[in-house]
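Please read the structure below before turning to the comments.
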Amino acid sequence: MDHNTPGVPNAYPQVGPVVISEIMYNPDWPYGGSYVNDQYEYVELHNAGGSEVALYDFDENEPWKLVDGIDFTFVGVSPVTIPAGGYLVVAKNPEAFAWRYPNVPGELVLGPYDGKLSDGGEKVELARPGDVDEFGERQYIRVDRVAYSDGSHPGDTPGELDLWPVAADGAGSSLARINMTLYGNDPNNWTAETPSPAQ
Ligand SMILES: [Ca+2]
Ligand SMILES: [Ca+2]
Ligand SMILES: [Ca+2]
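Quick note, our numbering runs 28 ahead of the 1-based positions in the sequence shown.
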């Protein structure tokens, strides 16, 4: 939360500066590609802040992670960082990604991650390390989380609609976050757009 507000409704959730900015969960099949379509999945992160952010906790000596639907740990030769205004891509299969998006500099692409992004929708969470609990297990603190859907899975409430854009479901578009500094777990802040990894 942004700040403590005892006795009144919670403040607007704290957002960023690093957010999940684009989700390619169901890529279309590329002409001439040598992989099945889910190998072209990716998640893009964006640093909407004014200074570089390390995806690493120097107090805990532990890297940040992507968790829930997919699993990825931000390990590198040195701590992974995103410059102010910069982007980073985590690809399901970096070789497949490099073939499909040859203009994206390789140093901006990490991966592979474990698991696959569901074609129906699921949660993707960016998390940073917290304390180790009494069982010796490290706890993780949510930085950003998106429970996306494909536009065809309304909930169980009668009359409920699935407001997520259907065009990102295998038709060539990806889910793109509209406002980087507004809450991400809200279909109103996402649209289906031409893929724009690392930009
Ligand atoms: Ca998928
Ligand atoms: Ca689907
Ligand atoms: Ca993008």
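We put the beta carbon where it would ideally sit given N, CA and C, even for glycine.
As assigned by DSSP and simplified to three states, the class of GLN167 | strand
Give me whichever residues DSSP pairs with HIS74 in a beta bridge.
-> VAL47, TYR115
At a cut of 8 angstroms, does the stretch 122–134 reach the stretch 158–167 through at least three beta carbon pairs?
-> no
Sheet register partners of ALA126 (DSSP bridge) | In DSSP, ALA126 forms no bridge with anything.
Taking only the alpha-carbon atoms, compute the straight-line gap between THR209 and GLY44 and give it to the nearest angstrom.
-> 7 angstroms
Can you check whether the CB of LEU189 is closer than 7 angstroms to the CB of PRO215?
-> no
For the stretch 41–55 against the stretch 64–71, are there 3 or more C-beta pairs whose distance is under 8 angstroms?
-> yes
Closer than 7 angstroms: residues whose CB approaches a heavy atom of ligand 1 = TYR53, ASN54, ASP66, GLU69, LYS144, LEU145, SER146, ASP147
Boundaries of the beta strand (DSSP E) in which GLU221 is found, first to last residue | 218–221
Please confirm whether ASP85 and ARG166 have their CB atoms less than 7 angstroms apart.
-> no
Between the stretch 170–188 and the stretch 136–144, do three or more beta carbon pairs fall short of 8 angstroms?
-> no
Can you tell which of TYR115, TYR40, ILE48, PRO41 has its C-alpha closest to the C-alpha of TRP218?
-> ILE48
Reduced DSSP category for PRO107 - H, G, I as helix; E, B as strand; rest coil = coil
The beta strand (DSSP E) enclosing ASP190, as first and last residue numbers | First-last for ASP190: undefined, no H or E at that position.
Considering only residues of the same chain and omitting the five flanking positions on each side of ASP99, which have a CB-CB separation below 8 angstroms?
-> LYS93, TYR141, ASP142, GLY143
Thinking C-alpha only, which one of TYR211, GLY212, ALA195, ASN207 is nearest PRO223?
-> ALA195
Grab the span of the beta strand (DSSP E) containing LEU94 for me, first residue to last.
-> 93–96
Does DSSP put LEU203 in a helix, in a strand, or in coil?
-> strand
Which of helix, strand or coil does DSSP assign to TYR84?
-> strand
Is DSSP giving GLU69 helix, strand or coil here?
-> coil
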